[in-house]
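Enquirer: Numbering (full-length UniProt numbering), first residue to last: 1 to 1030.
For each residue, glycine too, the CB sits at the ideal point set by N, CA and C.
Below is the structure I would like to discuss, written out as structure tokens.
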């Protein structure tokens, strides 16, 4: 786990088994009459040489690319032959992120005997499983009529991974076969292998891709299995070999370890059973004056205390070394072995001259208190020279190590929220403070909401007395403390209701007494009917006259369905700039001008901000995050949400193609249940309870994310593969209304040409035949050309004169650098953050295993320690170490206050950085200029690839000079730089990135090939089958 903390998950899992018929073995035994298995010494020595050569190929020859670490364990089969289990940790530049990369190093198919007869024969001899199953029911792997190794595998046209992180390799149906054991064997029985290794080592060498967190538990348990064991009963006998009566049953039984001849030879030769590169140094620590002391019974205590091992422990010598060497001051204790070596004889640390090692601090239980908090700090504090330095934070020495952990934000403690409210009160009004408290409640940040309320209610009530004194109806009246508390709770309840929550949802919180009509009726319905009809009618008149003929035709069809109450499902298909959002606004104004209800939702937070009264679909309909085909929305019958649906005339769902089809089906089931309708899948009843539902979007854009899914899996997860699609009427918008910045014919022609090029790219009509992936050339005028520093050119294009303008919020409003992956985005953001002036503020998260998870307590403490959890990175989750500067742009990673435009994907600019609170101003969406306080909240990754659940308490933001292409969908920008250090890997990514701009002049691409050189070609991924139903 120390290796995982430093290098992430292992990437490759390799198993090599000794081949007793290697030419070297046969040659030695050629003139002898013994079999290879009768000479385990020879087998072990040759296997060790082959293994060393294989490790050298991996480490030094970089067969798979650059590597960071290698671990292997030797195991001995029942028949005695040795084999090795190897885990390989790849360098970030040599990862295997896509199926194409995996296919280059791993094959699970039978080679063509005409093209590579040698490889064909080797696969036939070493890499066939069984056969088993229907071909051989008596195979040793068969258990209850099934193969225990899950063979035969399924045919697959492309490589992918399953939900548990295990690979599903390409096994094409029309490949060659092998006749063996009286049957034709196809690719379903092939054990994955590497072609080079198989040819060179001519043995069973299984190579597996394993870069998934869920595989860690299995792999590390597998390579560290204990020896084979047996329990024997020794029965004493008399002279006639007759068993004697047992006298002592305990002594008659022995727990024995089975050692084969090969294992005995291996250990006689003192070959390594476990190998790690780099080595892991165990780092002890202790409280002041509590180092371990080892002495004999007869030793004099004074002499013992004066020994070097007591007077200068490894831990205390580290602090002394920090005084002597400047480079030591930049290292934590766990980083220290990478630059220094412990010399036990001299009892001191010395600078490392060669090699590398990583550190692992001894684990302690949280129940020990101060030693545990000391261990937490040792993973963070750099260069201390005494114990007091370890508990000093920002120049202030704390009394205990626990207090220092709290000051660094490394603990889950509700007191930080009390401090946050106090801190925000210095420059925030009572209304903002109540919004802050409501955010803490909605995000489930508080473990004891009542405690925070009792400690902070006076601060939260700020401004309420002032409002009463200036209200003609309450002017001059006095109120007591309980009445002030009640009024404060009423204000908080109003905020919660606007965010689909209530104080009733928090058992420990008091609920206000009220006479207000607002609380006696359905607040959700009241909110949707609160629009001024006259204003809506005026807005509708202004927009209706601007509709194109296409838009008017669609408008009329939808409004006819709404007017006739006949239900219906529509899909408005149009690329970016064809006026879908304008059509949504026109429909909304028309319906609201009549006092009726329209629910505007979008698949992403940023897209929902473009809709009047918009919400994310997941929050409005309470759709589960981890959706399945049987999921339902979390709405109860007769609830306010159910009553809202009954009163709704129209539902508009924008950016629908990027949402999994199970979300739409869950809503359909739930609405039918709430409204008492039959299941639409099993009958001819209308969908969605007879309501009119309008979906919108562009199937050229990004489709639903299916972790490890194939092209077919992704297409099958989209709306057009749902049973709902058969009743969905597709209406198309084709006229581009976005790219209209040209004032003359030349500009208009250029815009038209660019729009047509985008459509060809989005539909896979560029780059010749496109079977899902195609290489295309980008026009020269859109490229950043090769130069001394092309990346700086990209920065200067997107952010010209950045240092002079970085404090201006409008400067950041419509600019961004886009990239395909989070790793590249992190690199971009770190680079640009270092450029803008100002002091860096570091915020560390508090990470812990969820108490509700079924991980054993010892495992949670010893394996998934805080320092290991700190190193985990997941999409949609902030980093453990968050570095910010005042003026820098950031992006929200959670929905905090949708009513005020604070959604997942909202961009803000940092205004103030406090200890427990961050103040920021919105710079995107419909609420630009709105200022808010952001607290730390607890977040859990939705990624199923890890074998446990954990919480990260951190500010829900990330630096946002750059963002992923997926996050940019739904946004319109004036200047975009696309940084393709790695190519796009999913359907629609390249199209989405290039279509964010309002004009061709606002777009530049920096494309790098596999060698890091600037090029004009990149990969375009388009799954054409998604268009077949349109």
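#1: DSSP three-state label for residue 173, please.
#2: Nearest CA to the CA of residue 1031: which residue from 349, 633 and 324?
#3: Let's see if you can read the secondary structure: which residues bound the alpha helix (DSSP H) around residue 314?
#4: What does the Cβ neighbour count give for residue 49, buried or exposed, with the cut at 16 atoms within 10 Å?
#5: What does the alpha-carbon distance come out to for the pair residue 446 and residue 417?
#6: For residue 159 versus residue 175, is the C-beta distance shorter than 7 angstroms?
#7: Taking only three categories from DSSP, how would you classify residue 72?
#8: Should residue 779 go down as buried or exposed, given a rule of 16 or more other Cβ atoms within 10 Å for buried?
#9: Reducing DSSP to helix, strand and coil, say where residue 49 ends up.
#10: Applying the criterion that 16 or more other CB atoms from any shown protein chain within 10 Å of the CB defines a buried residue, is residue 688 buried or exposed?
#11: Report yes if the CB atom of residue 889 is closer than 7 angstroms to the CB atom of residue 909, and no otherwise.
#12: Less than 7 angstroms separating the beta-carbons of residue 322 and residue 400?
#13: Only counting the same chain, and skipping five residues up and downstream in sequence, which positions put a Cβ closer than 8 angstroms to that of residue 911?
#14: Check whether the Cβ of residue 958 sits closer than 6 angstroms to any heavy atom of the ligand FMN, and report yes or no.
#15: Sort 1026, 335 and 934 by Cα distance to residue 764 and report the nearest one.
#16: Let me confirm a value: residue 35 is counted as buried when at least 16 other C-beta atoms fall within 10 Å, else exposed. Which label applies?
#17: Does the separation of the CB atoms of residue 572 and residue 731 fall below 7 angstroms?
#18: Within 10 angstroms of its Cβ, does residue 480 collect 16 or more other Cβ (buried), or is it exposed?
#19: Check residue 684 in the structure and name its three-state DSSP category.
#20: For residue 170 versus residue 155, is the C-beta distance shorter than 7 angstroms?
#21: When the Cα atoms are used, what is the spatial distance from residue 810 to residue 929?
#22: List the residues that DSSP assigns as beta-bridge partners of residue 90.
#23: Which of helix, strand or coil does DSSP assign to residue 1012?
#24: Checking contacts by CB at 7 angstroms: is residue 812 closer than that to chain D?
#25: Throw me the rounded Cβ distance for the residue 609 and residue 906 pair, which I believe falls under 8 angstroms.
#26: Just verifying my parser: in three-state terms, what is the DSSP assignment at residue 290?
#27: In this structure, what does DSSP give as the bridge partners for residue 921?
#28: Give me the Cα-Cα distance between residue 904 and residue 876, rounded to the nearest whole angstrom.
#29: Just to confirm, is the Cβ distance from residue 1006 to residue 758 under 7 angstroms?
#30: Are the CB atoms of residue 839 and residue 1016 within a distance shorter than 7 angstroms?
#31: Does the Cβ-Cβ distance between residue 893 and residue 878 come in under 7 angstroms?
#32: So for residue 513, helix, strand or coil by DSSP?
#33: Can you list, in chain order, the residues of its chain with a C-beta nearer than 6 angstroms to that of residue 615? Leave out the 5 residues immediately preceding and following it.
#34: May I ask you to list the residues that DSSP assigns as paired with residue 693?
#35: Along the chain, where does the alpha helix (DSSP H) containing residue 674 start, and where does it finish?
#36: Leaving out five residues before and five after residue 664 in sequence, what residues of the same chain have Cβ atoms less than 7 angstroms from its Cβ?
Expert: So, from the listed chains and residues:
#1: coil
#2: Residue numbering for the chain in the displayed model covers 1 to 1030; residue 1031 lies beyond these limits and cannot be assessed.
#3: 314 to 324
#4: exposed
#5: 8 angstroms
#6: no
#7: strand
#8: That one is exposed.
#9: In the structure shown, residue 49 sits in a helix (DSSP, three-state: H, G or I).
#10: buried
#11: yes
#12: Taking 7 angstroms as the cut-off, the beta carbon of residue 322 is found no closer than this to the beta carbon of residue 400.
#13: In its chain, beyond the 5 residues on either side, 886, 919, 920, 921 and 931 have a beta carbon closer than 8 angstroms to the beta carbon of residue 911.
#14: No copy of the ligand FMN occurs in the structure displayed, which carries no ligand at all.
#15: 1026
#16: exposed
#17: yes
#18: exposed
#19: In this prediction, residue 684 has a pLDDT of 39, which is less than 50 and means its spatial position is unreliable; what the coordinates show is noted afterwards. Residue 684: coil per DSSP, three-state reduction.
#20: no
#21: 9 angstroms
#22: DSSP lists 67 as partners of residue 90.
#23: Of the three classes helix, strand and coil, the one that applies to residue 1012 here is coil, per DSSP.
#24: Structure shown: chain D not included; a single protein chain is present.
#25: 7 angstroms
#26: In the three-state reduction of the DSSP assignment, residue 290 falls in the coil class, being assigned neither a helical nor a strand state.
#27: 909 and 931
#28: 9 angstroms
#29: no
#30: no
#31: yes
#32: It is coil, neither helix nor strand.
#33: 601, 608 and 898
#34: In the DSSP assignment, the residues bridged to residue 693 are 569 and 651.
#35: Segment 661 to 674, the alpha helix (DSSP H) holding residue 674.
#36: The residues are 719, 722 and 724.
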